[in-house]
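Novice:
Residue numbers (my numbering), protein chains in the order written: chain A, 37 to 201; chain B, 42 to 554.
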């Protein structure tokens, strides 16, 4: 049994369930953060450190921070926040999150691949240069077409969101 | 299998993917023109943008049809292909796009909602559909599916101050994203199993023994579920009625034809190329092992059998109880997807030919019906119920006649292309021994005739109860509708030409490499 995988897989699924079942938007956002962290741990496990870093910086670092900012603007922090702070289950959740973050850091410094099992992987697997090579050689067209996808989404979002258009 | 010795060649890109390049350039051009013509009032600006769109679509259609006959290599970098199957469907989709954009000119004018974004989104949605049809690569298919879907989600929400349009679009967005997630899961699983996203490489990898593993079936099921959402097959049809009723009528027509044709084309391609023995027929030694994939049919055929049956029954039965003509047409489009699935189920040459023929005629008659519907409507949701249609036959003979013709074609009555299309798919299913399903299908088609003909009954044999004021019909829109009507009758009388084309097109599926 691969313990490392199971810890983070269960964590991701449980946090995902918590995200969609929670009534409080802020705790939903934190649940989502947990999902992202657990996923990045799984990517590390898959010998893909670059994807793990992307996951943490882009999803956990940028997108989630944005979500939390918006929530903080909408939700006035008052008595409601105090109730959340005193909720025991959230404290436990936070504790687990913090501990797993620590564990993740420790595992990252030690090198997850050595911890679990040595696999025979192609030379340079998971290396940023290999990643870029693949992206701009085999998946060049995909990469270009994704930009069209973003453009369409942008136009659509502006049309729908702007009042006087 | 990763022998990607591909080099990027501009010339080849233009030869094979020229149609979508034209659409892409036109889409970017429209964004610029929308800004450049800021000085004009929005009505005139939008109609100019509309004509630019129509021109670009004609150019793309011309490119696809003309280039197709002199292509030596049909696959570009293992991602885009332009064999005759794709060319046929691309031409169908572009034709539907042309009809929809010409009708849109009139629709936007009648509703006083002319905005440049409409055509920008329309052309990008078409770009996504064409690129999706051209992909022979599951990842590219997914990206293009999303381009198409996002374009159509926003078009569905185009009437911003109309609650139903918003509600429908939101349902479509949520359920559509859910469906896309299924597709993505299936794709990820297959990539994990085979290590490739290219359909032909995947077929070879699978046939070397992988295909006996249950994961392959799971991933096929996930891919199918994702595409069934877009095709609006029962039980993945829940979004259809609300979305089709809420969206602007022309967009509904666009969704019911372009999106459906795209999803069907991709579905046939994935099912026959990656999970079927068709590559074996090309006789190339590299594909000899794909012969084994025929064993998979034992698993997917019963599924499509049931889904096709349910789609035909539920679509037709629920349509009977509708009083809103637009909603009724939504259920009827579900039912049509069921008939087309019969052709896929048959899985033989004739079945695939039938599906292509059906998609072509269905695009004409469905867009035609929605075109007349919005003209009678005046303003969106002005006159859509059966009650409103009472007695229109004598006040507006032209529109009523066109509506009747399109409905008769949808019901599948003889002098129209709708009959021939149904005939092809049913005969293909009977040939493969699906007698019971074909009999039940014909039964549902009789149910269908009831509600289609009821509209005609309302038009001609009832006295009007309410004053209905159709919107002004400009010449281009009428010309397009009349052309569609003539084409439907032509296809009903002389279907051979198109049938031969469709047959050549489906045969080329064996040549995707």
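All residues carry an ideal CB built from backbone N, CA and C; glycine is no exception.
Here the structure is a predicted model, which means the values were calculated and not measured.
(1) Tell me the start and end of each unbroken beta strand (DSSP E) in the stretch 83-120 of chain B that is at least 3 residues and wholly inside, in chain order.
(2) Among B:116, B:72, B:354, which has the Cα closest to the Cα of residue 50 (chain B)?
(3) Between the Cα of residue 438 (chain B) and the Cα atoms of B:179, B:544, B:511, B:202, which residue gives the shortest distance?
(4) Short check: CB of residue 375 (chain B) to CB of residue 352 (chain B), under 8 Å?
(5) Please go through the stretch 152-216 of chain B and give each complete alpha helix (DSSP H) segment of 4 or more residues, from N-terminal end onward.
(6) Tell me which same chain residues have a C-beta within less than 6 Å of the C-beta of residue 359 (chain B), skipping the five on either side of it?
(7) How many whole angstroms separate the CB atoms of residue 102 (chain B) and residue 132 (chain B), which I take to be in contact at a CB cut-off of 8 Å?
(8) Please classify residue 99 (chain A) as buried or exposed, where buried requires at least 16 other C-beta atoms within 10 Å of its C-beta.
(9) Taking the straight line between their C-alpha atoms, what separation do you get for residue 44 (chain B) and residue 550 (chain B)?
(10) Determine, using beta carbons only, whether residue 340 (chain B) comes closer than 8 Å to chain A.
(11) Does the beta-carbon of residue 122 (chain A) have 16 or more other beta-carbons within 10 angstroms, so that it is buried, or is it exposed?
(12) Roughly how far, in whole angstroms, is the beta-carbon of residue 155 (chain B) from the beta-carbon of residue 87 (chain B), given that I think they are within contact range, below 8 Å?
(13) Along the chain, where does the alpha helix (DSSP H) containing residue 332 (chain B) start, and where does it finish?
(14) Starting from the N-terminal side, write out each stretch of the beta strand (DSSP E) that is 3 residues or longer and does not extend beyond the stretch 39-99 of chain A.
(15) Using a C-beta to C-beta distance shorter than 7 Å, which residues of chain B count as neighbours of residue 189 (chain A)?
(16) Is DSSP giving residue 50 (chain B) helix, strand or coil here?
(17) Taking the C-alpha atoms as reference points, what is the distance between residue 160 (chain B) and residue 253 (chain B)?
(18) Could you name each continuous alpha helix (DSSP H) segment of 4 residues or more that falls completely within the stretch 337-398 of chain B, going from the start of the chain to the end?
(19) Check whether the Cβ of residue 556 (chain B) lies closer than 8 Å to any Cβ atom in chain A.
(20) So for residue 122 (chain B), helix, strand or coil by DSSP?
(21) What first and last residue would you give for the alpha helix (DSSP H) that runs through residue 420 (chain B)?
(22) So, for residue 441 (chain B): in the same chain, excluding its five sequence neighbours on each side, which residues have a beta-carbon less than 6 Å away from its beta-carbon?
(23) Kindly indicate which three-state DSSP category residue 123 (chain A) falls into: helix, strand or coil?
(24) From residue 9 (chain B) to residue 83 (chain B), what does the alpha carbon distance come to, in whole angstroms?
(25) Would residue 261 (chain B) pass as a contact of residue 224 (chain B) if the rule is Cβ separation under 8 Å?
(26) Curious, which full-length alpha helix (DSSP H) runs of at least 4 residues does the stretch 233-296 of chain B contain?
(27) By DSSP, does residue 426 (chain B) sit in helix, in strand, or in coil?
(28) Taking all protein chains shown into account, decide if residue 42 (chain B) is buried (16 or more other Cβ within 10 angstroms of its Cβ) or exposed.
(29) Rounded to the nearest angstrom, what separates residue 178 (chain B) and residue 234 (chain B) at their Cα positions?
(30) Give the residues of chain A in contact with residue 185 (chain B), contact being defined as C-beta atoms less than 7 Å apart.
(31) Express the C-alpha separation of residue 244 (chain B) and residue 333 (chain B) in angstroms, rounding to a whole number.
(32) Please tell me whether residue 296 (chain B) has its Cβ less than 8 Å away from any Cβ of chain A.
(33) Do residue 169 (chain B) and residue 140 (chain B) have their beta-carbon atoms positioned less than 8 Å apart in this structure?
(34) In terms of residues, what are the limits of the alpha helix (DSSP H) holding residue 311 (chain B)?
(35) Sort A:175, A:94, A:171 by Cα distance to residue 239 (chain B) and report the nearest one.
(36) Let me check understanding here. Comparing Cα to Cα, which of B:387, B:431, B:350, B:502 lies closest to residue 483 (chain B)?
Specialist: According to the structure data:
(1) none
(2) What you label residue 50 (chain B) is simply residue 9 of the second chain in a count that begins at 1. Of the listed residues, the one whose Cα sits closest to residue 50 (chain B) is B:116.
(3) On the second chain, residue 438 (chain B) is found 397 positions in, with the first residue counted as 1. When each option's Cα is compared against that of residue 438 (chain B), the closest is B:511.
(4) Along the second chain, read from residue 1 onward, the residue named residue 375 (chain B) stands at position 334. Along the second chain, read from residue 1 onward, the residue named residue 352 (chain B) stands at position 311. Yes; because the gap between Cβ atoms is below 8 Å, this pair is in contact.
(5) 157-175, 179-197
(6) Working through the second chain from its first residue, we reach residue 359 (chain B) at position 318. If we look at residue 359 (chain B) and ignore the five residues flanking it on each side, its Cβ neighbours are 372.
(7) Here the question's residue 102 (chain B) lines up with position 61 in the second chain. Here the question's residue 132 (chain B) lines up with position 91 in the second chain. 6 Å between Cβ atoms; contact.
(8) Along the first chain, one-based indexing puts residue 99 (chain A) at 63. The residue is exposed, with fewer than 16 neighbouring Cβ atoms inside 10 Å.
(9) Indexing the second chain from 1 puts residue 44 (chain B) at position 3. Indexing the second chain from 1 puts residue 550 (chain B) at position 509. Annotation note: pLDDT 45 at residue 44 (chain B) (below 50); position unreliable, coordinate value reported separately. Between residue 44 (chain B) and residue 550 (chain B), the C-alpha separation is close to 22 Å.
(10) Taking the first residue of the second chain as position 1, residue 340 (chain B) is located at position 299. Cβ-Cβ to chain A under 8 Å: no for residue 340 (chain B).
(11) Taking the first chain and counting its residues from 1, one reaches residue 122 (chain A) at position 86. Residue 122 (chain A) comes out exposed.
(12) For the purposes of this step, residue 155 (chain B) is identified with residue 114 of the second chain, where counting begins at 1. For the purposes of this step, residue 87 (chain B) is identified with residue 46 of the second chain, where counting begins at 1. Contact holds; Cβ gap of about 4 Å.
(13) Within the second chain, residue 332 (chain B) is the residue found at index 291, counting from 1. No alpha helix (DSSP H) holds residue 332 (chain B); DSSP gives it neither H nor E.
(14) none
(15) Numbered from its first residue, the first chain carries residue 189 (chain A) at position 153. Within 7 Å Cβ-Cβ: 191.
(16) Counted from its first residue, the second chain places residue 50 (chain B) at position 9. The answer is coil: DSSP assigns residue 50 (chain B) none of H, G, I, E or B.
(17) Taking the second chain and counting its residues from 1, one reaches residue 160 (chain B) at position 119. Taking the second chain and counting its residues from 1, one reaches residue 253 (chain B) at position 212. Going from the Cα of residue 160 (chain B) to the Cα of residue 253 (chain B) covers about 47 Å.
(18) 338-361, 366-387
(19) There is simply no residue 556 (chain B) to check, as chain B begins at 42 and stops at 554 in what is shown.
(20) Position 81 of the second chain, counted from the start, is the residue given in the question as residue 122 (chain B). In the structure shown, residue 122 (chain B) sits in a strand (DSSP, three-state: E or B).
(21) If you number the second chain from 1, residue 420 (chain B) lands on position 379. Premise fails: residue 420 (chain B) is in no alpha helix (DSSP H) and is neither H nor E.
(22) Against the second chain, residue 441 (chain B) aligns to sequence position 400. Hits under 6 Å: 433, 434, 500.
(23) Against the first chain, residue 123 (chain A) aligns to sequence position 87. If DSSP states are grouped into helix, strand and coil, residue 123 (chain A) belongs with coil.
(24) The requested residue 9 (chain B) does not occur in the structure, where chain B is confined to residues 42 to 554.
(25) Here residue 261 (chain B) refers to the residue found at position 220 when the second chain is read from its first residue. Here residue 224 (chain B) refers to the residue found at position 183 when the second chain is read from its first residue. Not a contact, by the Cβ cut-off of 8 Å.
(26) 240-248, 255-272, 281-287, 290-295
(27) As a first step, residue 426 (chain B) must be located in the second chain, where it is residue number 385. The answer is strand: DSSP assigns residue 426 (chain B) an E or B state.
(28) The sequence position of residue 42 (chain B) within the second chain is 1, counting from 1. Summary for residue 42 (chain B): the model assigns pLDDT 36, below 50, so the residue's position carries little reliability, and this model does not support an answer.
(29) Taking the first residue of the second chain as position 1, residue 178 (chain B) is located at position 137. Taking the first residue of the second chain as position 1, residue 234 (chain B) is located at position 193. So the two alpha carbons sit approximately 15 Å from each other.
(30) Looking up residue 185 (chain B) in the second chain gives position 144. Going along chain A in sequence order, the residues near residue 185 (chain B) (Cβ under 7 Å) are 181.
(31) Within the second chain, numbered from 1, the residue matching residue 333 (chain B) stands at position 292. Within the second chain, numbered from 1, the residue matching residue 244 (chain B) stands at position 203. So the two alpha carbons sit approximately 10 Å from each other.
(32) The residue you call residue 296 (chain B) lines up with position 255 of the second chain. Output row for residue 296 (chain B): interface = no.
(33) As a position in the second chain, residue 140 (chain B) is number 99, starting the count at 1. As a position in the second chain, residue 169 (chain B) is number 128, starting the count at 1. No, they are not a contact pair.
(34) Residue 311 (chain B) sits at position 270 when you count from the first residue of the second chain. Residue 311 (chain B) -> no alpha helix (DSSP H), and no H or E assigned at all.
(35) The count along the second chain starts at 1 and reaches residue 239 (chain B) at position 198. Here the closest residue by C-alpha is A:175.
(36) Taking the second chain and counting its residues from 1, one reaches residue 483 (chain B) at position 442. That would be B:350, whose Cα lies nearest to the Cα of residue 483 (chain B).
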